[in-house]
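**Student:** Throughout, my numbering is defined as the position within the sequence shown, counted from one, plus 5. I have a structure here, written as structure tokens, and I will follow up with some questions on it.
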Amino acid sequence: MRIFYLFIITLFIFSKSISAQTDTLVNQKSTDRVIIGGQMYYVHIVKQGETLYSLSKLYGISQKEIAKENPDIFLGLMVGQALKIPQNSKESTLENNEKSADFIYHRVKKGQTLYSLSKKYDVSQESIIQFNPETRFGLSTGQIIKIPRKSYQLQADTSIPKSESEIDTIKIPDQYIYHLVKSKETIYSLTKSYNITQEVLFEQNPFLNEGLKTGQLLRIPKVPDTEESYVFEKNTTKLSDTLLFEKHSLVPYSEITQCDTLKKIKRETYSVALLLPLYLDQSDEEFYIDSTKTNEYGKKIYDKIYRNPNYIYPRSLNYLAFYEGVLMALDTLKSQGFSVNLHVFDTQGDTLKLNEILHSEIFTDVNLIIGPVYNNELEIVSRFALKNNIKMVSPLSDNLVLVNSNPYLFQVGPSFLTQLDALAKYSSGFSNKNIVLIHNSDSLQYGNILFFKDKLFNYSSVDTSIGSLQFKEVSYIDSIQLIEHALNINNENVIIVPSNDQAFVTSVVSNLNTLTSKGYQIKTFGMSRWYKFDNIDQEYLYNIKTCLVVPFYIDYNNKYVKKFISKYRKIFKTDPDQYTMHGYDVSMYFLTALMNYGEDFQNCISYHKMDQLQAEFNFVKWYKTSGYENNGMSLIRYDEGYNINKLDKTGCTFK
């Protein structure tokens with residue numbers, strides 16, 4: 006008997022296949038391009054029905070090349086996801102072979118802008134941008150750009166004014182205003198000037214996700230003369246991790262609800278669906294065919310290899326552990342008198358299987374859905390939950406795209422921007438230290454860096470415009486000299502690295518460790534994934550006095566953790582892992598919310614606090630039609646004696 010047959014709850018497994026229904030899909034190549042490390046990339050926003058195969062055909066490169074640049078796609082493509090797709094060599098050759106007679110090639114000098122070049126060569130800025138898409142993000146000294154001659158210029162009505170001092174706004178009848186960005190202008194000042202939201206500004210100018218730069222031409226829709234200018238548009242496509250900057254600038258949205266009244270209208274028994282990729286069929290395979298051997302003639306030998314009776318399919322291990330945590334939570338709640346019918350479904354990571362599951366009669370009376378896991382599955386279930394007004398919990402994803410459009414969705418994993426916000430908050434308060442921000446030059450992450458700096462300066466509560474904050478910024482390209490140049494030998498250096506890129510972080514940490522041997526006092530702030538990087542020498546993290554912002558961390562000295570481990574050992578005869586504790590935390594939190602406040606528990610979620618094993622859930626709603634995101638974060642510090650300690654909310658102080 007397999008180990009998972011010991012589980013208490015009956016699994017509802019559907020094996021009946023259904024026919025795939027396909028709609029006619031017209032693939033269209035993106036016109037948005039960026040240059041990263043000298044390589045030209047298309048920025049493609051995934052649309053409904055697109056697959057890795059269809060994208061490889063559309064752009065003329067292999068699926069492997071796309072996957073290499075976008076590791077997250079192994080979790081499945083998701084509508085609204087932004088992909089970096091390298092330009093194929095054939096296309097680059099064709100572009101390089103364009104008749105030189107039609108263009109002037111100009112090497113950018115220091116201080117030159119799009120505006121100055123447009124005046125120098127008597128062409129519009131739009132014409133330059135058309136043949137040099139990367140110039141939307143600004144010019145770099147030494148950059149070579151193609152200037153179109155007269156016959157190749159764009160014939161547009163939106164030509165730039167003759168003098169920069171004459172006018173900064175170009176008015177086009179009826180629809181749009183075109184604004185030329187000036188020095189010191191910000192996203193905030195522009196939205197106030199034109200009485201529009203940041204969401205609308207970013208929607209009309211997607212390149213702003215890479216940052217606002219002097220000389221850019223912005224398209225701004227005219228706002229009708231109405232009393233209320235803010236309009237939220239549902240189902241707008243956003244980049245996965247740059248998202249809506251304004252949502253993290255707003256005070257969380259709340260409505261007045263009489264939560265004591267909700268306690269009186271609870272049901273006796275609740276129905277909960279758990280959707281996980283357990284891969285039970287794969288675990289139940291008695292044998293597999295081994296074809297790694299060959300005979301004396303070089304032909305393959307096919308051997309039938311029987312599996313160990315306790316074999317479990319590797320991809321299912323984490324989700325089985327999560328399921329065990331759910332069972333532990335149910336056992337705890339049962340002793341408290343809470344009655345719940347749990348229906349467990351094995352999605353097998355298959356969207357056809359998932360669609361069949363959702364047609365089960367059980368979902369006509371489900372009060373809560375926990376899961377699924379993969380992005381493509383989450384999108385399907387989110388649509389179903391929204392249509393049927395069912396609360397759902399995304400237990401493992403940190404992608405906010407779906408939360409923006411589903412008011413019934415709770416996302417447990419804090420998004421990257423939420424983690425950046427926490428990093429800025431915890432690393433502020435060092436205005437008398439030498440603060441050094443280190444990041445790479447990836448233009449797709451530039452918007453995140455701008456977001457982080459804005460938050461850091463706000464939390465620091467200093468007037469950065471007059472230089473009262475000792476702040477330096479290093480665009481790092483594997484050079485220890487660049488970092489050392491920014492350090493202060495006579496002051497404590499607070500190093501902030503807002504990145505989860507393992508190769509980049511490993512290089513930075515190694516160089517910082519080297520610099521400590523030169524007498525520099527260093528305190529380092531980093532992101533949650535550092536904790537799991539296996540190629541970083543852990544001693545380095547102690548040497549550079551590392552503090553990490555983390556959404557989940559197990560403190561084995563915590564009394565609740567000790568009690569849970571003891572109980573788990575008695576039942577399963579082994580120790581629980583992080584997924585087990587996460588399954589317990591998620592289930593306990595949302596099932597007790599049902600128990601305390603009933604089906605409309607979302608209106609009282611801000612009051613729902615409880616002790617947890619590895620997290621501090623704090624769900625916030627950013628605006629009326631959004632779902633809920635957990636922004637609860639903790640801080641851990643690598644202390645002397647090779648100890649990692651969880652800190653309180655006062656921050657990561659020097660010792």
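In this text, a Cβ means the ideal position worked out from N, Cα and C, and glycines have one as well.
From S631 to P412, what distance separates their C-alpha atoms?
**Tutor:** What you label residue 631 is simply residue 626 of the sequence shown in a count that begins at 1. What you label residue 412 is simply residue 407 of the sequence shown in a count that begins at 1. Distance between the alpha carbons of S631 and P412 is about 5 Å.
**Student:** Skipping 5 residues on each side, what residues in its chain have a beta carbon closer than 7 Å to that of N516?
**Tutor:** By 1-based counting over the sequence shown, the position of residue 516 is 511. Excluding sequence neighbours, N516 sits near I485, I488.
**Student:** Hey, how far is the Cα of L63 from the Cα of N505?
**Tutor:** As a position in the sequence shown, residue 63 is number 58, starting the count at 1. As a position in the sequence shown, residue 505 is number 500, starting the count at 1. When rounded, the distance between both Cα atoms is 30 Å.
**Student:** On a CA-only basis, which of M397, Y525, R112 is nearest Q416? Give me that one, please.
**Tutor:** Here the question's residue 416 lines up with position 411 in the sequence shown. Minimum Cα distance to Q416 is reached at M397.
**Student:** Note down, in chain order, each residue of its chain lying with its Cβ closer than 6 Å to the Cβ of I109, except the 5 sequence neighbours on either side.
**Tutor:** As a working note, residue 109 is residue 104 in the sequence shown. Closer than 6 Å at Cβ, skipping near neighbours: I152.
**Student:** Report the residue from I71, L280, A334, Y584 whose alpha carbon sits nearest the alpha carbon of A326.
**Tutor:** Sequence index remark: in the sequence shown, residue 326 carries index 321 (1-based). Among I71, L280, A334, Y584, the Cα nearest to that of A326 is on Y584.
**Student:** So which of M600, Y561, L428 has the shortest CA-CA distance to N648?
**Tutor:** Start at 1 with the first residue of the sequence shown, and residue 648 comes out as number 643. The shortest Cα separation from N648 among M600, Y561, L428 belongs to Y561.
**Student:** Just reading off the beta strand (DSSP E) that N75 is part of, what are its end residues?
**Tutor:** For this step, residue 75 is matched to residue 70 along the sequence shown. N75 -> no beta strand (DSSP E), and no H or E assigned at all.
**Student:** Check whether the Cβ atoms of V513 and I443 lie closer than 9 Å to each other.
**Tutor:** Stepping through the sequence shown from its first residue, residue 513 is reached at position 508. Stepping through the sequence shown from its first residue, residue 443 is reached at position 438. It is a contact, given that the beta carbons lie within the stated cut-off.
**Student:** According to DSSP, C657 sits in a beta bridge with which residue or residues?
**Tutor:** Here residue 657 refers to the residue found at position 652 of the sequence shown. Answer is none; C657 lacks a bridge partner.
**Student:** Could you check which residue in I385, N346, D447, S145 has the C-alpha nearest to that of H364?
**Tutor:** In the sequence shown, the residue the question calls residue 364 occupies position 359. When each option's Cα is compared against that of H364, the closest is I385.
**Student:** From what residue to what residue does the alpha helix (DSSP H) around I375 run?
**Tutor:** Working through the sequence shown from its first residue, we reach residue 375 at position 370. It is not in any alpha helix (DSSP H) - I375 instead sits in the beta strand (DSSP E) that spans 373 to 375.
**Student:** By how many angstroms is the C-alpha of M638 removed from the C-alpha of T551?
**Tutor:** Start at 1 with the first residue of the sequence shown, and residue 551 comes out as number 546. Start at 1 with the first residue of the sequence shown, and residue 638 comes out as number 633. Cα-Cα distance, rounded: 16 Å.
**Student:** Count the C-beta pairs between the segment 343 to 360 and the segment 278 to 290 that are closer than 8 Å, then say yes if the count reaches three, no if not.
**Tutor:** Touching, per the Cβ criterion.
**Student:** Using the beta-carbon count (16 or more within 10 Å), is P314 buried or exposed?
**Tutor:** Taking the sequence shown and counting its residues from 1, the one referred to as residue 314 is at position 309. Answer is exposed; the Cβ neighbour count stays below 16.
**Student:** Taking DSSP as the reference, what is the three-state secondary structure of P226?
**Tutor:** Start at 1 with the first residue of the sequence shown, and residue 226 comes out as number 221. It is a strand residue.
**Student:** I'd like to know whether the C-beta atoms of V566 and M593 end up nearer to each other than 9 Å.
**Tutor:** Translated into positions along the sequence shown, residue 566 becomes position 561. Translated into positions along the sequence shown, residue 593 becomes position 588. For V566 and M593, no; Cβs fall outside 9 Å.
**Student:** For T299, which residues of its own chain have a beta-carbon under 7 Å away from its beta-carbon, when the five flanking residues on both sides are left out?
**Tutor:** Locating residue 299 in the sequence shown gives position 294, counting from the first residue. The residues are K305, I306.
**Student:** Do you know how far the Cα of Q341 is from the Cα of L546?
**Tutor:** Position 541 of the sequence shown holds residue 546. Position 336 of the sequence shown holds residue 341. About 43 Å.
**Student:** Could you pull out every unbroken alpha helix (DSSP H) segment of at least 4 residues lying fully inside the segment 389 to 456, listed in chain order?
**Tutor:** For the segment 389 to 456, whole alpha helix (DSSP H) runs of length 4 or above, ordered along the chain, are 421 to 432.
**Student:** Taking the alpha-carbon of I494 as reference, which of F509, D542, S522, E208 has the nearest alpha-carbon?
**Tutor:** Here the question's residue 494 lines up with position 489 in the sequence shown. Selected option, being the one with the closest Cα: S522.
**Student:** Would you tell me roughly how many angstroms separate the C-alpha atoms of K252 and Q209, rounded to the nearest one?
**Tutor:** Taking the sequence shown and counting its residues from 1, one reaches residue 252 at position 247. Taking the sequence shown and counting its residues from 1, one reaches residue 209 at position 204. Caution is warranted here: a pLDDT of 41 is assigned to K252, below 50, making its placement in the model unreliable, and no coordinate value can be reported.
**Student:** Out of Y275, Y328, S433, which has the shortest C-alpha to C-alpha gap to L285?
**Tutor:** As a first step, residue 285 is located in the sequence shown; it is residue number 280 there, counting from the start. Selected option, being the one with the closest Cα: Y328.
**Student:** Of the residues T529, D605, K626, D582, which one's Cα is nearest the Cα of R642?
**Tutor:** Reading the sequence shown from its first residue, position 637 is the one you call residue 642. When only C-alpha atoms are compared, the closest one is T529.
**Student:** Measure how close the beta-carbons of V84 and Q130 come, nearest whole angstrom, since I'm counting them as under 8 Å.
**Tutor:** Position 79 of the sequence shown, counted from the first residue, corresponds to residue 84. Position 125 of the sequence shown, counted from the first residue, corresponds to residue 130. About 33 Å separates the two Cβ atoms, so there is no contact after all.
**Student:** What three-state label does DSSP hand Y647 in the structure shown?
**Tutor:** Residue mapping note: residue 647 aligns to position 642 of the sequence shown, counting from 1. Of the three classes helix, strand and coil, the one that applies to Y647 here is coil, per DSSP.
**Student:** Residues in the same chain with beta-carbon distance under 8 Å from Q617, minus the five sequence neighbours each way, listed in chain order, please.
**Tutor:** In the sequence shown, the residue the question calls residue 617 occupies position 612. If we look at Q617 and ignore the five residues flanking it on each side, its Cβ neighbours are Y565, D590, M593, Y594.
**Student:** When the Cα atoms are used, what is the spatial distance from V625 to Q424?
**Tutor:** On the sequence shown, residue 625 is found 620 positions in, with the first residue counted as 1. On the sequence shown, residue 424 is found 419 positions in, with the first residue counted as 1. Computed Cα separation, rounded: 14 Å.
**Student:** Buried or exposed, going by whether 16 or more other CB atoms sit within 10 Å of the CB of Y311?
**Tutor:** Here residue 311 corresponds to residue number 306 of the sequence shown, with the count starting at 1. Its Cβ having fewer than 16 others within 10 Å, Y311 is exposed.
**Student:** Buried or exposed: M6, going by 16 or more other Cβ atoms within 10 Å of its Cβ?
**Tutor:** The residue given as residue 6 occupies position 1 in the sequence shown. Its pLDDT being 40, under 50, M6 is placed unreliably in this model, and the value from its coordinates should be taken loosely. Label assigned to M6: exposed.
**Student:** Counting only runs that start and end within the segment 546 to 591, where is the alpha helix (DSSP H) found for 4 or more residues in a row?
**Tutor:** Complete alpha helix (DSSP H) runs here, min 4: 564 to 577.
**Student:** Which of the three DSSP states, helix, strand or coil, is assigned to H111?
**Tutor:** Your numbering for residue 111 matches position 106 in the sequence shown. Strand, per DSSP.
**Student:** Please classify A87: does DSSP put it in a helix, a strand, or coil?
**Tutor:** Here residue 87 refers to the residue found at position 82 of the sequence shown. The answer is strand: DSSP assigns A87 an E or B state.
**Student:** Count the other CB atoms, across all protein chains shown, that sit within 10 Å of the CB of I165; report buried if there are 16 or more and exposed otherwise.
**Tutor:** Numbered from its first residue, the sequence shown carries residue 165 at position 160. In this prediction, I165 has a pLDDT of 33, which is less than 50 and means its spatial position is unreliable; nothing more can be read from the coordinates.
**Student:** If you follow the beta strand (DSSP E) that Q117 is part of, which residue opens it and which one closes it?
**Tutor:** In the sequence shown, residue 117 corresponds to position 112, counting from 1. No beta strand (DSSP E) holds Q117; DSSP gives it neither H nor E.
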